[in-house]
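Numbering (the numbering used here), first residue to last: 5 to 291.
By construction, the Cβ of each residue, glycine as well, lies at the ideal position given by its N, Cα and C atoms.
Here the structure is a predicted model, which means the values were calculated and not measured.
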Amino acid sequence: MDTTHSRPHWNTEKFIRRFFQYLILSTVVVLVFIPIVILAFGALKTRGELLSHPYSLPNPPRWENISLILQNPSYLFWPMLRNSLVVMLSTTAGVVVICSLAAFVFARMDFRGKTWAFNLFTLGLMFPINIAILPVYFVLRQMDLIDNLWGVIIVQTAFQLSGNILILRGFFTAIPSELQDAAYIDGCTAFDFFWRILLPLAKPALAAVAALTMIISWNDLLVPLIVINSDKLWTLPLGTMQFQGQYGQDLALVSAFVALSALPTIIFYIFAERQIVSGLTAGAVKG
């Protein structure tokens with residue numbers, strides 16, 4: 005009898021809990037998507053329509069703003085897109101290579117001072133680029149890397165090492181040690197085990213690191229703002245800020261530029277979301 009009476013009560017509690025969970029999630033989704041929807045609508049309106057009816061559907065959709073930004077060379081959209089791609093791909097390649105090698109050393113090899121060295125790397129998580137930007141600028145100026153895309157690439161790579169090494173180390177540590185012993189018995193060197201066995205097994209974690217690095221690098225504004233002076237080397241976030249300052253009176257044109265700048269990141273995240281989640285959860289299994 006007690007079980008019979010308690011079951012409806014338990015179902016009610018479960019229903020209420022689920023209801024509030026979905027309510028909170030739905031609220032978060034709405035809050036996230038409202039600015040994106042308004043931005044997309046604004047990009048397809050005239051300036052007058054955007055000012056008078058900012059939340060209504062564009063009727064009819066006006067593609068003139070999009071075509072103007074893509075076709076007018078004075079807006080520098082295509083050079084900015086190229087610079088952003090160069091910085092993003094170079095930073096991602098550097099982060100994946102350096103972090104995978106460092107994580108392998110910290111996870112699978114023993115040497116004196118290993119714990120101290122790893123803790124030193126993780127200290128980088130406590131010093132964001134905002135705090136270190138002044139000494140970084142002085143170092144780049146001494147290296148003659150101001151107004152150079154390589155200066156942006158090096159800084160972005162350096163400040164993304166700590167967190168990504170932590171992710172990959174957790175995944176590498178979760179690989180059974182018996183697999184490494186068997187590889188050594190078969191004649192594999194440490195690098196052979198890393199290259200032929202560990203990296204293929206670590207594809208989810210590597211994909212997560214690469215995806216996160218791409219998104220962070222693509223959206224980075226502070227480093228290009230400090231390093232880049234020439235408008236020909238602007239990345240899209242920096243160019244978007246400059247575009248807003250120059251054409252801020254035409255909100256529809258600015259909305260179109262911002263929408264085009266954000267579109268690659270949104271598309272990429274839609275396709276990479278599964279790899280990011282699976283890679284992060286796989287790296288959290290052990291370690």
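Asked	Found
Please classify glycine 249: is it buried, with 16 or more other beta-carbons within 10 angstroms of its beta-carbon, or exposed?	exposed
Quick check: the Cα distance between glycine 291 and alanine 111, rounded to an integer number of angstroms?	At glycine 291 the pLDDT is 42, less than 50, meaning the model places this residue with poor confidence and gives no usable figure here.
What's the gap between the Cα of threonine 16 and the Cα of proline 39?	36 Å
Given glycine 287, which residues of its chain have a CB within under 6 Å of its CB, disregarding the five upstream and five downstream residues?	Confidence at glycine 287 is low in this model, with a pLDDT of 49, below 50, so its placement is unreliable and the value that follows should be read with caution. Contacts found: Ile171, Gly174, Phe175 and Ala209.
Using a Cβ-Cβ cutoff of less than 8 Å, which residues in the same chain neighbour leucine 183 once the five nearest sequence positions on both sides are dropped?	Ile201
With 16 as the cutoff for other CB atoms within 10 Å, does proline 228 come out buried or exposed?	buried
Should valine 41 be labelled buried (16 or more other beta-carbon atoms within 10 Å of its own) or exposed?	exposed
Tell me, please, whether the segment 234 to 251 touches the segment 118 to 132 by the rule of three or more beta-carbon pairs shorter than 8 Å.	no
What residue does the alpha helix (DSSP H) around threonine 126 start on, and which one ends it?	118 to 126
Compare the C-alpha of valine 262 against each of Phe197, Phe275, Asn223 and Val281 and name the closest.	Asn223
Beta-carbon separation of threonine 95 and glutamine 164 under 9 Å?	yes
Please report how far the alpha carbon of glutamine 246 lies from the alpha carbon of aspartate 235, in whole angstroms.	9 Å
Go through its chain and collect everything with a Cβ distance to tryptophan 199's Cβ below 8 Å, but skip five positions before and after it.	none
Give the straight-line distance between the Cα atoms of valine 140 and leucine 93, rounded to the nearest whole angstrom.	22 Å
On the DSSP letters alone, give me the boundaries of the alpha helix (DSSP H) that lysine 207 sits inside.	207 to 223
Give the secondary structure of tyrosine 273 by DSSP, where H, G and I count as helix, E and B as strand, and everything else as coil.	helix
Is asparagine 76 helix, strand or coil when you go by DSSP?	coil
Looking only at its own chain, which residues have a Cβ that is under 6 Å from the Cβ of valine 156, when we skip the five neighbours before and after it?	Val91, Val227, Pro228 and Val231
Can you give me the Cβ contacts of aspartate 151 inside the same chain, cut-off strictly under 8 Å, excluding the 5 residues immediately before and after it?	Val231, Ile232, Asn233, Ser234 and Leu237
For leucine 216, is the classification buried or exposed, using 16 other Cβ atoms within 10 angstroms of its Cβ as the cut-off for buried?	buried
Does the beta-carbon of alanine 186 have 16 or more other beta-carbons within 10 angstroms, so that it is buried, or is it exposed?	exposed
By the three-class DSSP mapping on this structure, what secondary structure does methionine 130 have?	helix
Contact between the segment 42 to 49 and the segment 57 to 70 is defined here as three or more beta-carbon pairs at a separation below 8 Å; is this criterion met?	yes
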